[in-house]
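What follows is a short report on a single structure.
Numbering (the numbering used here), first residue to last: 126 to 1097.
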């Protein structure tokens, strides 16, 4: 029979007198309203949290993290981890906390603990700081070294999401009335720490001391795990209060934790993998590995330490398959328990989600049902919807006790519900998605982990212990790159294997990515690295790590699976100079007549053309002009469609234009897809002909990657040679080209001038050889050396561009998790200085890491004599009262407004009154349109929604569908 030792028994063994035991039995940690109707003692919550931590160790932690904690604790990693997690709330044994509940405060006073009138709710001495001060005293008293105390106390001080400075913790308040004055408070605080320590398994506090320190990144990871354990142990369904010290025991806490763990269905990833031998790509994906893929996997096998692997190869080379195979190797070698796959956009996440689930099913059958899709529109992914139930109880509702003293989790925005087979519901709540062992999401999820925001430790914890894969890394602009570099420094210090993929990575970007990771791996000390600016071959694999602190950087050239093929480059000028002189508007004249004639000629015998436009309105106008001739053979895809039709169209385009699949739809005889930059990357379609607006050379080459992407036995005779037709500029005359205003706003004139020269050279010459010319073209486009014959204009544009780049980089710096002079810091103390307040919601975080004018998402509704209806036409009632029960129908009409309408939307658009009590809809702004589809006025624009074209806007003082100048900052 199991022997249960109560907290009272332990207190007796420690020599606590009766009065001290009574006081320990009066200190509350969770109030009745947040602990299932019965107050929960502080010591009970500490033991509950420690018991949860034991299960996190047993069933969730990556083996790399376990090995790390074992090393630092002298082989007692599990017990040390449980102690660190449990001790987090010791600061509740102070007057500043005990005064917060009037009913419980009376009980505490009755036990003989008192405080002055100065101690009252809202006094500003929170229990997280109080706990750090209390623990410092107890550890010093136990003889811990100052170095170990220095890295442990911030773990307690930061468990509500922010890390204060030493001065904030050791200031006058740490010795004031709020901390507890007199012998009685001292004795009960000693008793709390002592009883808890003995219950966990240590003989005394002195014996807990580690034999070494963790790096700062490892401490941040550990801090996130402490928060995780605390939140689980604050679930009142499984941890109902215990207000009798005799009933508190570690055995009882373990029983409660086991039940919670079982009911919450929490689990880790694949645990310890054995290193796969042979052709991993063939085993996982059913096709023999290509030479490049073999080289990637081999480099993963050879890396001497966890590090960075950059995979550069042409579009369609199989980089994703190689990356997943390499991730499996790295996970087995370095003890990772899962993966995070970061994609550039929400649209590219969905097909990757399917691919990752298929791969996981081969690696660890059954685990594919625990892969989490992490982006704001996942509810419209059919595969995700099959994995979970419709949303019900807000997952955050059960963790309200976390914020007992108003410093914890805001509990009004939850996640999706989950059934018994998909991911754990707990992982679907706010701020917790990255903690899932296997995650596919936007790169923003990683960038958030590099921001100085509250609860950043949870985001970092969601990355450490995994292999991180980032696709299309070249797409990060100068602003985003600052967050990428910051994340890489932290991941490098945490020894997280990272794989970066790109087809068109500028050499300077490659150099900076390697330097960032290796700097982190060397604990903030910048390395002296070899020159990586020159092309080392294409495809190529770069590996970088720092075993024993010494940089190890290697570049391995490889070979493509298919020969380089000639791509014909043609120019389709637009009369932009003439239109500017004659003041012709964007839709004036026969703007697309030459494009229409080109397509009539090239597609006379059939074929599939992809037209990529640089802004939404131009794509809409192009589509409308072409549809008038080609009818239903014309398709439109852009970012200002409602989320449901956008997802449906994306999926259908991938099916029609992607690789042939058994049982899949037949490729159409003729099809024209007009799209924005959504089709630029991670969009697996095969076009016979490409028409593209001018864009920087790396992005133009990305678009060319959709051209003749797959081997096909037959193509129409006129389209057998891969051809890109570049438009969106006017090169007439000898002066520098003119570009569309929207293109210059998005990309800057400097890069467009350089690309225009490369395009003109190719159009008047032999075109390009792809992929052989890719690294040379990208290097030339970004080298900074004079390139064009328009010397004066290029120089002026370069100066303007460089100034803008510096300003954007400096703007990002103010939000980074740490500054350069802090890279070598040893602890987390003061990490949250000047943190970005209020950046907790997804939209706020996304805006923080992406530089651009703020934009707003709204839900499109229609209103008429019968009340409100969704964009689908589903009736919501006279006042929209059926919105909550028809949630999917409502949010299916979500659309993002152009940035020019942000101010007007924030001032004029609100949720419907009937939605104010719904956890999702109460934050949802409604764009209410008329039943007769006539436009409505918003700010100085007329707005409407067309089922074919999507959201339409025009200035109120113009005519035509899209009259007026282009909206600045149009999203794709």
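Every residue, glycine too, gets a C-beta built ideally from N, C-alpha and C.
Excluding five sequence positions before and after residue 1029, the CB atoms of its chain that fall closer than 7 angstroms to its own CB belong to 1063, 1064, given in chain order.
Distance between residue 174 and residue 210, taken at the CA atoms: about 6 angstroms. The beta strand (DSSP E) runs lying completely inside the region 973–1016 and spanning 3 residues or more are 982–989, 992–995, 1000–1002, given in chain order. In the structure shown, residue 906 adopts helical secondary structure according to DSSP, grouped into three states.
Going by DSSP, residue 144 is part of the alpha helix (DSSP H) stretching over 143–149. With contacts defined as CB atoms closer than 8 angstroms, residue 457 and residue 421 fail to qualify as a contacting pair.
Non-local beta-carbon contacts of residue 241 in its own chain, meaning distances under 7 angstroms to residues more than five positions away in sequence, involve 302 in chain order.
Per DSSP, the continuous alpha helix (DSSP H) segment holding residue 167 begins and ends at 167–184.
The three-state reading of DSSP puts residue 580 in coil, since its state is none of H, G, I, E or B. Cβ atoms of residue 376 and residue 565 stay farther apart than 8 angstroms, at about 40 angstroms.
Excluding the 5 residues flanking it on each side, residue 559 has same chain C-beta neighbours closer than 8 angstroms at 465, 499, 566, 570, 574, 583, 584, 586, 587, 588, in chain order. Judged by DSSP secondary structure, residue 1069 falls within the beta strand (DSSP E) whose first and last residues are 1066–1071. Distance from the CA atom of residue 889 to the CA atom of residue 879, rounded to whole angstroms, is 16 angstroms. Classified as exposed, residue 722 has fewer than 16 neighbouring CB atoms from the shown chains inside 10 Å of its CB. For the region 782–837, the full-length beta strand (DSSP E) segments reaching 3 residues or more read 795–800, 814–818 along the chain. Taking 4 residues as the shortest admissible run, the region 613–640 contains no complete alpha helix (DSSP H) segment at all.
For the 8 angstroms CB-CB criterion, residue 1021 and residue 980 form a contact. With the rule of 3 Cβ pairs closer than 8 angstroms, the region 817–829 counts as touching the region 618–630.
In this structure, the CA atom of residue 383 is about 20 angstroms from the CA atom of residue 132. When rounded, the separation of the alpha-carbon atoms in residue 866 and residue 638 is 32 angstroms. When rounded, the separation of the alpha-carbon atoms in residue 784 and residue 791 is 10 angstroms. If the five residues before and after residue 275 are omitted, its C-beta is found closer than 6 angstroms to the C-beta atoms of 952, all from its own chain and listed in chain order.
Per DSSP, the continuous beta strand (DSSP E) segment holding residue 1019 begins and ends at 1019–1021. No Cβ-Cβ contact shorter than 8 angstroms links residue 838 with residue 737. Comparing C-alpha distances from residue 976 to each of 484, 929, 997 shows the shortest one belongs to 929. Rounded to the nearest whole angstrom, the C-alpha separation of residue 801 and residue 749 is 15 angstroms.
For residue 691, the pairing in a beta bridge is given by DSSP as 894.
Under the 10 Å beta carbon count, residue 862 is surrounded by 16 or more other beta carbons and is classified as buried.
Following the DSSP letters along the chain, one finds residue 1060 in no beta strand (DSSP E), marked with neither H nor E. At the C-beta level, residue 237 and residue 329 stay beyond 8 angstroms of one another. In the displayed model, residue 364 falls within coil according to three-state DSSP, outside both helix and strand.
Per DSSP, residue 437 is one residue of the beta strand (DSSP E) stretching across 433–437. Short of 6 angstroms from the beta carbon of residue 763, and not among the five residues preceding or following it, lie these beta carbons of its own chain, in chain order: 741, 744, 801.
DSSP places residue 489 outside both helix and strand once states are collapsed to three, so it counts as coil.
Here residue 854 is bridged, per DSSP, to 864. Of the residues 1053, 852, 190, the one whose Cα lies closest to the Cα of residue 397 is 190.
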